[in-house]
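The next block holds one structure in the form of structure tokens; read it before the comments.
2 protein chains.
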Amino acid sequence: MKNSCLTTKEIENVLKSKGIQPTAQRIAVCKYVLCDADHPNVDEVKAWADENFPKISLATVYNTMNILVEVGLIKTLRFPHSDKAIFDNNTSIHHHFIDEKTSKIYDISSDEVEVKSKLSNDFEVKEYSVLLVGNKV
Amino acid sequence: MKNSCLTTKEIENVLKSKGIQPTAQRIAVCKYVLCDADHPNVDEVKAWADENFPKISLATVYNTMNILVEVGLIKTLRFPHSDKAIFDNNTSIHHHFIDEKTSKIYDISSDEVEVKSKLSNDFEVKEYSVLLVGNKV
DNA sequence: TATATATTTATAATAATTCTAAAACTATTT
DNA sequence: AAATAGTTTTAGAATTATTATAAATATATA
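Protein sequences appear in the order of chains A and B. So that you can map any letter, position 96 of the first sequence is 76 in the working numbering, and since no number is skipped, the others follow by simple counting. So that you can map any letter, position 84 of the second sequence is 64 in the working numbering, and since no number is skipped, the others follow by simple counting.
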């Protein structure tokens, strides 16, 4: 398993703090999803887990991802080019650039793209993000 | 059928100009999708067609939407809250506000939300759009 | 340790979309 | 106008993404 941004103990504590039982499968998924993963879809999480964890079912992967989204540890993204959900462990405001050819997603910080809303008050904006599409050279 | 923004003749011409044979089914779908529809999904297009056109199959609806996207008459949108494709007959740069509660999508013009990119040159941006999420009052 | 509760699993079910191949339609050639 | 070639539509099968189910397993609690 690759070097992770969080120790097992830390992941356990994060899960507990959110009221989630830190089972072996959940910890394994989190090791990938909260650290090394870069906008993975469910298949990628499953593939990683199959290589780095003795046994996990696809149902548990889906279930765990849904739980992580519910408690706000990750976010679900969907883009026009694919019908698969993509997950993002960066839950603060930021943006995405998607390469037309490769479909690779790049995180774009709020510093790099400025958004100014002049919307009327009846639009109460809670969050926003910019999707940029183009060519990465 | 509701009052449409394009006559049948005009739709025929639009399709022909894109190299698409203007069949009865395609014209019917276009009457809705290019005019009255407001961010419909495939089900909504099918439901409209079932009421306003003698007979059309779901496969033809999918097929027609795909063709319209290919030639650039409409765009596909996908948002985190749903795994269904949503179609937009506004193909120029604009933005979307989605109401958390109702999932209704509001078009937001470029005048209302300003986007300024400071991205480095290796990101060649071809198009972009802002997704705003919140509460519409 | 026994028991209650929660989680995981394999599999079935559902839902969105695409594929297939025959039938129906449209355009073109005669 | 009939024959032919090419295109589109259709019903239904296939595929893919995701959720539901219910039995087996694991964990927490008394």
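Every residue gets a Cβ at the ideal spot worked out from N, C-alpha and C, and that includes glycine.
Chain A residues whose Cβ lies nearer than 7 Å to that of residue i
i	result
B/K26	Within chain A, no residue comes near B/K26; the closest Cβ sits about 18 Å away, beyond 7 Å.
B/V41	Going along chain A, no residue has its Cβ under 7 Å from B/V41, so there is no contact; the nearest lies around 17 Å.
B/F77	F103
Residue i vs residue j beta-carbon contact at 8 Å
i	j	result
A/Q5	A/T56	no
B/I54	B/F33	no
A/I7	A/T(-13)	no
B/I47	B/I88	no
A/V119	A/A65	Outside the displayed span of chain A (-19 to 117) sits residue 119 of chain A, for which this structure offers no information.
Chain A residues whose Cβ lies nearer than 8 Å to that of residue i
i	result
B/D63	R58, D63, A65
B/G114	F103, E104, V105, K106, E107
Interface partners of residue i on chain A, CB under 9 Å
i	result
B/V117	N101, D102, F103, E104
Bridge partners - residue i, DSSP secondary structure assignment
i	result
A/Y86	A/F77
B/F67	B/T56
A/L111	A/H76, B/S109
B/E104	A/N115
Range of the contiguous beta strand (DSSP E) that encloses residue i
i	result
B/I7	Element bounds for B/I7: not the beta strand (DSSP E) but the alpha helix (DSSP H), 4 to 11.
Where the alpha helix (DSSP H) through residue i begins and ends
i	result
A/K98	A/K98 -> no alpha helix (DSSP H), and no H or E assigned at all.
A/N21	Segment: none, A/N21 is in no alpha helix (DSSP H) and carries neither H nor E.
A/S37	Unbroken run through A/S37: none, as it is neither H nor E.
B/L(-5)	-12 to -3
Listed by chain order, chain B residues near residue i by CB distance under 9 Å
i	result
A/V(-6)	Residues of chain B passing the Cβ test: none, with the nearest at roughly 22 Å.
A/E50	The premise fails here: A/E50 is roughly 13 Å from chain B at the closest Cβ pair, so nothing lies under 9 Å.
A/S97	I88, E92, V93, E94, V110, L112
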